[in-house]
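**Student:** Below is one structure. I have some questions about it.
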Amino acid sequence: MVAEEIFYGANAYIRAPYDRWLVALHEPLHIFCRSKVSLTLSTSSSLTFAAMDRDFILRRLPMRWSSICWVGDKFDGPPYAHVAQRYFETNTVLKHENFESFRFLLAEGISETVLKSRHAYRIEGPVIMTAARSDTVLLVNPNNTIFIDDAEVRVKSLANKISVTSVGRIIDSARRVTPAGVFDGVTITTIHRDWDPTTLTWIEFRIIYECNLEVTWLNRHALKRDNVVQFVGNVIHGDAHEAQWVVNSTLTRAAGKTMCSI
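Sequential numbering of the sequence shown, starting at 3, is according to the working numbering.
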């Protein structure tokens, strides 16, 4: 199976094997359209970009996730998956004191298997989540997966270690104040968009970022609605059924053109 045609740049076509096409979609995807073109993923599904008066850029708003986690049992995969992957079900600890954990699925490519059940790893990769299927998928990057010796695995060491680097478009922001009425920071809701190689579809999901007074940004204008902003922080809450994370942001700044390559 191949990705038959993709219109790239002003006048060139690229033909690539199917697996390489999926890998390519993890990188920034810029498609410039001067006329009606079609990107064919298979004989039964295609994505068509309508004619536009000026160049059109299809932009990812990605989110990457990294943590030390315990890999659970392997299973056949969710019913919505359209691409062969190895799936593992696992939890990660968000709060050690209350022992709050968050369930997610690990998905790694068949040709680059590195995970084993009932072992601990430091894993990172893109985050894929949708409320429609009530789960979150972490796509495993085999080059950045590190095995953790069992003797080093402790609940305390696993807690509060979920870090996030993301680029999102602001859809809402609100001031946060203390019970005494003192300004304490800003809560920002963003939209993220990325390609889901497990279902061969584009998805969007929302993330809430809590930015306190210690976080600095370029200026207040960077937090306006529809602006694209980069965030770095730690996950403090997760709800699989709502497919939504809350992130305590430790860095917030206006996103440049190259930041969509995270």
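Beta carbons are placed, not taken as given, at the ideal position from N, Cα and C, and that holds for glycine. Just so you know, these numbers come straight off a predicted model, no measurement behind them.
Please report how far the alpha carbon of ILE148 lies from the alpha carbon of CYS71, in whole angstroms.
**Tutor:** 11 Å
**Student:** Is it true that the CB of VAL166 sits closer than 7 Å to the CB of VAL249?
**Tutor:** In this structure, VAL166 lies closer than 7 Å to VAL249 by Cβ.
**Student:** Rounded to whole angstroms, what's the CA-CA distance from PRO19 to GLY127? Just pull it up for me.
**Tutor:** Note that PRO19 scores 33 on pLDDT, short of 50, meaning its location in the model is unreliable and no value can be drawn from it.
**Student:** Reducing DSSP to helix, strand and coil, say where ASN214 ends up.
**Tutor:** strand
**Student:** Looking at ILE205: is its Cβ nearer than 7 Å to the Cβ of THR132?
**Tutor:** yes
**Student:** Here's the rule I'm using: 16 or more other beta-carbon atoms within 10 Å means buried, otherwise exposed. How should PRO64 be labelled?
**Tutor:** buried
**Student:** Taking a contact to mean a Cβ-Cβ separation below 7 Å, would you say PHE106 touches TYR89 in this structure?
**Tutor:** no
**Student:** Kindly list the residues whose CB is nearer than 6 Å to the CB of GLY235, restricted to its own chain and excluding five residues on each side of it in sequence; keep chain order.
**Tutor:** VAL166, VAL249, ASN250, SER251, THR252
**Student:** Taking only three categories from DSSP, how would you classify LEU225?
**Tutor:** helix
**Student:** Would you report the Cα separation of VAL85 and THR200, rounded to the nearest angstrom?
**Tutor:** 5 Å
**Student:** What is the DSSP secondary structure of ASN236, reduced to helix, strand or coil?
**Tutor:** strand
**Student:** Can you tell me the Cα-Cα spacing of ILE198 and ILE130, whole angstroms?
**Tutor:** Residue identity check: residue 198 is Asp in the sequence provided, not Ile. If I take the Cα positions, the gap works out to 6 Å.
**Student:** Tell me whether the beta-carbon of SER175 lies closer than 7 Å to the beta-carbon of VAL188.
**Tutor:** A Cβ-Cβ contact shorter than 7 Å links SER175 with VAL188.
**Student:** Under three-state DSSP, which class holds ASN143?
**Tutor:** coil
**Student:** Below 7 Å between beta carbons: does that hold for THR180 and ASP186?
**Tutor:** yes
**Student:** Start and end of the beta strand (DSSP E) containing GLY170?
**Tutor:** 165–179
**Student:** Need the endpoints of the beta strand (DSSP E) that ALA122 sits in, please.
**Tutor:** 121–132
**Student:** Who are the Cβ neighbours of GLU212 in its own chain at under 6 Å, not counting the five residues just before and after it?
**Tutor:** Setting aside the 5 residues that flank it on each side, GLU212 is surrounded in the same chain by THR189, ASN250, each with a C-beta closer than 6 Å to its C-beta; the list follows chain order.
**Student:** What does the alpha-carbon distance come out to for the pair ARG124 and ILE238?
**Tutor:** Approximately 18 Å between the Cα atoms of the pair.
**Student:** Alpha carbon to alpha carbon, what distance is there between GLY170 and ASP228?
**Tutor:** C-alpha separation (whole angstroms): 9 Å.
**Student:** Can you tell which of VAL142, ALA182, PRO81 has its C-alpha closest to the C-alpha of LYS118?
**Tutor:** VAL142
**Student:** Anyone know if the C-beta pair for GLY79 and GLU91 falls short of 7 Å?
**Tutor:** no
**Student:** Between the Cα of HIS194 and those of LEU225, ILE172, VAL184, THR203, spot the shortest distance and give me the residue it belongs to.
**Tutor:** ILE172
**Student:** So ARG61 and ASP196 are supposed to be a Cβ contact under 8 Å. How far apart are they, rounded?
**Tutor:** At roughly 10 Å, the Cβ-Cβ gap does not stay under 8 Å, so ARG61 and ASP196 are not in contact.
**Student:** Using 7 Å as the threshold, is the C-beta distance between VAL116 and PRO81 below it?
**Tutor:** no
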